[in-house]
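Chains as they are written, first to last, in our numbering: chain A, 71 to 272; chain B, 71 to 272.
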DNA sequence: GTCTATAATAGGATAGAC
DNA sequence: GTCTATCCTATTATAGAC
């Protein structure tokens with residue numbers, strides 16, 4: 071029996087890249103076969119459930135990435151402000167500064183989304199929760215922290231949609247910049263509670 | 071020769087609904103045929119260029135809708151604040167308060183998006199421009215008005231992605247609420263310049 | 001674990017009758 | 001303008017050899 075040409079993790083990494091480029095509905099088995107360099111049968115060996123199975127395992131990989139990389143950055147050394155800045159840089163890097171789409175966003179919009187609803191839910195809630203925890207640690211009341219964390223993910227997803235549609239990464243880059251100034255502001259989004267502060271953190 | 075069963079506008083309206091439900095890549099000609107009640111050949115009569123043609127004409131319809139309905143609301147009677155509130159209500163209604171996706175967002179993420187890049191660009195820029203014009207009229211400096219208008223569209227798109235992924239309209243509803251308090255705030259998003267104001271407009 | 005081959009279906013698009 | 005019938009390709013998925 072032939073040895074594996076690549077690890078399953080490597081296969082999944084290529085699936086992520088292909089799904090984020092073509093979308094879930096836009097990527098066919100043939101596309102994914104070419105991208106991975108594996109024949110269709112090899113793909114079905116790894117993912118007996120076909121595309122739904124692939125999406126499920128892709129989501130598990132994203133879940134693991136968030137729980138390691140992103141959480142590590144959010145809970146690492148330095149002030150909350152510094153950690154937030156590093157997290158935004160990590161996120162920006164992850165999306166190639168706005169020129170690559172989000173696999174999670176594509177899965178959210180896919181026809182089959184209900185078939186992997188649970189892991190999709192989990193990824194989104196983990197992501198929002200991780201950012202929310204940092205904001206709370208930074209002193210924001212829980213309710214506000216959670217709301218702003220949701221807003222952060224909303225803006226990242228929306229900015230990627232806009233940048234994708236315009237074929238221009240600038241909207242994404244502006245959104246990341248805005249998050250750097252908005253998330254740790256001392257007032258609820260929309261409420262203004264303190265006098266003139268420049269946008270630079272302390 | 072048989073008479074038209076429905077006007078082209080009616081056909082396009084059904085295409086919009088089908089694309090927003092299944093996505094552009096997720097909707098097949100057969101799907102669209104069933105949804106409209108027209109045979110494939112009838113669809114190709116209206117849209118000789120197939121799905122790309124459909125998307126182009128759908129975008130033209132959205133363009134017309136924004137230039138009439140949305141602009142009418144944004145430039146109608148009342149204070150900028152009142153008009154913004156009415157516009158957000160209009161938008162919320164349009165997305166069925168978060169339970170229906172955005173056809174423009176789906177087109178932004180589609181594989182064929184470059185084939186209707188121009189009308190897609192135009193719709194997005196018109197949309198952002200219309201909101202920006204109101205914010206400017208309300209007294210915001212042009213640069214800030216344009217940035218916040220972009221942020222508004224970003225947040226609407228992102229919230230629809232999130233609500234779609236979670237199967238829960240609540241994130242969208244919260245995003246609309248946040249826009250009601252954020253867009254006309256007297257400081258740049260992220261800057262805080264005035265003391266304690268409640269979120270209710272004057 | 002990987003491949004080629006193949007089945008069965010769904011997809012996009014067209015022809016031609018009415 | 002609409003339909004049925006059809007074409008051809010692509011697609012999903014499986015079978016079976018190695």
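Even for Gly, the Cβ is constructed at its ideal location relative to N, Cα and C.
The Cβ atoms of residue 215 of chain B and residue 206 of chain B sit closer than 8 angstroms to each other.
Residue 136 of chain A and residue 197 of chain A have their C-alpha atoms some 7 angstroms from each other.
Residue 228 of chain A sits away from residue 161 of chain B, with the two beta carbons spaced by 8 angstroms or more.
Here residue 251 of chain A carries a helix assignment [DSSP, helix/strand/coil]. Following the DSSP letters along the chain, one finds residue 178 of chain B inside the alpha helix (DSSP H) bounded by residues 173–178. Membership of residue 160 of chain A in the alpha helix (DSSP H) is indicated by the continuous run 150–164. Just so you know, the alpha carbons of residue 169 of chain B and residue 154 of chain A end up roughly 32 angstroms apart. The DSSP-derived three-state label of residue 170 of chain A is coil. About 6 angstroms separates the CB atoms of residue 176 of chain B and residue 179 of chain A; that is less than 8 angstroms, so the two are in contact. Annotation for residue 79 of chain B: the continuous alpha helix (DSSP H) segment containing it runs 78–92.
Rounded to the nearest whole angstrom, the CA to CA distance from residue 255 of chain B to residue 85 of chain B is 38 angstroms.
Taking 8 angstroms as the threshold, the shortest C-beta distance from residue 217 of chain B to chain A falls below it. The beta carbon of residue 233 of chain B lies closer than 8 angstroms to those of 168, 169, 239, 240, 241 and 242 in the same chain, with the five residues before and after it left out.
In terms of Cβ geometry, residue 144 of chain B and residue 194 of chain B do not form a close pair [threshold 8 angstroms]. Restricting attention to A:152, A:74, A:94 and A:252, the CA atom closest to the CA of residue 109 of chain A is found in A:74. Interface flag for residue 192 of chain A against chain B is unset, since no Cβ pair is found closer than 8 angstroms. Using a 10 angstroms sphere on the CB of residue 80 of chain B, the tally of other CB atoms stays under 16, which defines it as exposed. Within 10 angstroms of the beta-carbon of residue 121 of chain B lie 16 or more other beta-carbons, which makes it buried. Proximity of chain A to residue 232 of chain B at the Cβ level (cut-off 8 angstroms) is accounted for by 178, 194, 220, 223, 224 and 227, in chain order. Its chain contains 95 as the residues whose beta carbon lies nearer than 6 angstroms to that of residue 181 of chain A, once the 5 sequence neighbours on both sides are disregarded; these appear in chain order.
The shortest CA-to-CA distance from residue 236 of chain A to any of B:208, B:115, B:184 and B:116 is the one to B:184. The alpha-carbon separation between residue 83 of chain A and residue 152 of chain B amounts to approximately 49 angstroms. Within chain A, the residues placing a beta-carbon under 8 angstroms from that of residue 187 of chain B are 237, ordered along the chain.
Residue 222 of chain B and residue 253 of chain B have their C-alpha atoms some 8 angstroms from each other.
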